[in-house]
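Residue numbers (the working numbering), protein chains in the order written: chain E, 3 to 113; chain P, 319 to 432.
For each residue, glycine too, the CB sits at the ideal point set by N, CA and C.
Worksheet: the structure to be examined is printed underneath.
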Amino acid sequence: DAGVIQSPRHEVTEMGQEVTLRCKPISGHNSLFWYRQTMMRGLELLIYFNNNVPIDDSGMPEDRFSAKMPNASFSTLKIQPSEPRDSAVYFCASSSQDEQFFGPGTRLTVL
Amino acid sequence: AQSVTQPDIHITVSEGASLELRCNYSYGATPYLFWYVQSPGQGLQLLLKYFSGDTLVQGIKGFEAEFKRSQSSFNLRKPSVHWSDAAEYFCAVGVSSPTDKLIFGTGTRLQVFP
Chain E
3 DAGVIQSPRH EVTEMGQEVT LRCKPISGHN SLFWYRQTMM RGLELLIYFN
53 NNVPIDDSGM PEDRFSAKMP NASFSTLKIQ PSEPRDSAVY FCASSSQDEQ
103 FFGPGTRLTV L
Chain P
319 AQSVTQPDIH ITVSEGASLE LRCNYSYGAT PYLFWYVQSP GQGLQLLLKY
369 FSGDTLVQGI KGFEAEFKRS QSSFNLRKPS VHWSDAAEYF CAVGVSSPTD
419 KLIFGTGTRL QVFP
């Protein structure tokens with residue numbers, strides 16, 4: 003199994019641009035999580051899905067952030083418009099019965 | 319609200335020395351407890367987990383952790399540290415189930431000197 007796949011691995015964009023982060027969970031996992039990691043706030047959950055349905059989006063910072071999971075094998079996290087304070091590493095994770103498996107992350111830099 | 323505290327931001331040890339990383343949690347019931355490791359530029363890898371039963375759990379890479387309900391702690395230990403153990407270590411709590419959202423501590427960065 004290839005594990006959780008995230009793309010791109012690095013993204014540099016300018017303030018105001020739209021950014022889309024992608025995640026392919028491990029096949030058979032029915033829960034998917036988006037986390038953000040920054041020096042100031044550490045690792046924080048943004049949103050998670052169960053069977054493609056958003057369960058808890060209380061961690062989504064504001065309306066500029068949106069996440070979708072159109073099917074069991076794909077999810078996106080979109081930021082529109084992006085701001086410099088969105089610069090962070092964004093992790094996607096999927097879970098089996100008792101463990102979350104993390105992807106390698108996308109390092110986002112907003113100039 | 320549930321929370322996880324890792325009191326040590328940065329720890330430095332010599333190779334071959336023993337290691338203990340502290341983790342305290344705040345939660346009413348017995349939580350689902352995890353330790354993850356993150357190497358530079360990498361994602362998080364699960365070291366070990368505790369749900370119930372024997373309070374001393376063994377993980378990968380020679381790590382172990384002990385759940386102490388009376389102290390609300392889940393400290394990570396290793397008897398002899400290797401240079402390759404240098405990384406950041408995160409303690410996490412699963413709120414309502416092992417696959418529910420995780421609440422992470424702020425992490426402890428481990429540096430290993432030869």
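What are the start and end residues of the beta strand (DSSP E) that includes residue i?
i: Tyr350 (chain P); result: 350-356
i: Met71 (chain E); result: 67-73
i: Asn342 (chain P); result: 342-344
i: Gln322 (chain P); result: In the sequence as presented, Gln is not what sits at residue 322 (chain P); that position holds Val. Start and end: 321-323.
i: Arg87 (chain E); result: Neither: Arg87 (chain E) is in no beta strand (DSSP E) and is coded neither H nor E.
i: Arg109 (chain E); result: 108-112
i: Asp58 (chain E); result: 55-58
i: Phe76 (chain E); result: 76-81
i: Gln376 (chain P); result: 374-376
i: Gln363 (chain P); result: 362-368
Going by DSSP, what residues sit across from residue i in a beta bridge?
i: Arg395 (chain P); result: P:Glu338, P:Glu382
i: Ile28 (chain E); result: Beta-bridge pairing links Ile28 (chain E) to no other residue.
i: Val412 (chain P); result: The residue asked about is misnamed: residue 412 (chain P) is Gly in this sequence, not Val. Per DSSP, P:Tyr350, P:Leu420.
i: Ile329 (chain P); result: P:Leu428
i: Arg38 (chain E); result: E:Glu46, E:Tyr92
i: Gln102 (chain E); result: E:Ser97
i: His12 (chain E); result: E:Arg109
i: Ala4 (chain E); result: The partner list for Ala4 (chain E) (beta bridge, DSSP) is empty, contrary to what the question assumes.
i: Ala405 (chain P); result: P:Leu428
i: Tyr33 (chain E); result: This sequence places Ser at residue 33 (chain E); Tyr is not what is there. In the DSSP output, where bridge partners are listed per residue, Ser33 (chain E) has E:Asn52, E:Ser97.
Can you pull out the residues from the region 410-421 of chain P whose beta carbon lies closer than 7 Å to at least one beta carbon of chain E?
Flagged, chain order: Pro416, Thr417, Lys419, Leu420.
| request: Decide if the region 391-403 of chain P is in contact with the region 81-94 of chain E; the criterion is three or more beta carbon pairs, one per stretch, under 8 Å apart. | output: Fewer than three pairs of CB atoms, one per stretch, sit closer than 8 Å, so the region 391-403 of chain P makes no contact with the region 81-94 of chain E.
On the three-pair Cβ rule with 8 Å, is the region 356-367 of chain P touching the region 332-345 of chain P? Note that the region 356-367 of chain P does not touch the region 332-345 of chain P; fewer than 3 beta-carbon pairs, one per stretch, sit closer than 8 Å.
**At least three beta-carbon pairs within less than 8 Å, the region 104-113 of chain E to the region 44-53 of chain E** = Too few Cβ pairs lie closer than 8 Å, so no.
Quick check: the region 96-110 of chain E against the region 408-427 of chain P, are at least 3 beta-carbon pairs closer than 8 Å? With the rule of 3 Cβ pairs closer than 8 Å, the region 408-427 of chain P counts as touching the region 96-110 of chain E.
**OP:** Spell out a yes or no on whether the region 52-62 of chain E and the region 4-22 of chain E are touching, meaning 3 or more CB-CB pairs, one atom from each, closer than 8 Å.
**Re:** The region 52-62 of chain E makes no contact with the region 4-22 of chain E: fewer than 3 CB pairs, one atom from each, lie closer than 8 Å.
Residues of the region 354-372 of chain P whose Cβ lies closer than 9 Å to any Cβ of chain E, in chain order | Those residues of the region 354-372 of chain P that come within reach of chain E (Cβ to Cβ, closer than 9 Å) are Tyr354, Gln356, Gly359, Gln360, Gly361, Leu362, Gln363, Leu364, Lys367, Phe369.
TODO: Quick one: which residues of the region 395-410 of chain P get their C-beta closer than 9 Å to a C-beta of chain E? List them in chain order.
DONE: Within the region 395-410 of chain P, the residues whose Cβ lies closer than 9 Å to some Cβ of chain E are Phe408, Ala410, listed in chain order.
Review point. Using Cβ-Cβ distances below 7 Å, what residues of the region 32-53 of chain E are close to chain P?
Key: Legend: CB atoms of the region 32-53 of chain E lying less than 7 Å from CB atoms of chain P belong to residues Ser33, Phe35, Gly44, Leu45, Leu47, Tyr50.
Counting only Cβ-Cβ distances shorter than 7 Å, please list the residues of the region 372-384 of chain P near chain E, keeping chain order.
Of all residues in the region 372-384 of chain P, none comes within less than 7 Å of chain E when Cβ atoms are compared.
Q.
Could you check whether the region 66-75 of chain E touches the region 330-339 of chain P, counting it as contact only if at least three pairs of C-beta atoms, one from each stretch, sit closer than 8 Å?
A. The region 330-339 of chain P and the region 66-75 of chain E do not touch, with fewer than three beta-carbon pairs separated by less than 8 Å.
May I ask you to list, following chain order, the residues of the region 95-112 of chain E that have a beta carbon less than 9 Å from some beta carbon of chain P? Only Ala95, Ser97, Ser98, Gln99, Asp100, Glu101, Gln102, Phe103, Phe104, Gly105, Pro106, Gly107, Arg109 from the region 95-112 of chain E bring a Cβ to less than 9 Å from some Cβ of chain P.
If you measure beta-carbon to beta-carbon, which residues of the region 323-346 of chain P are closer than 8 Å to chain E? Residues passing the 8 Å Cβ filter: none.
Pairs of beta-carbons, one from the region 376-390 of chain P and one from the region 22-31 of chain E, closer than 8 Å: are there three or more? No, the region 376-390 of chain P is not in contact with the region 22-31 of chain E.
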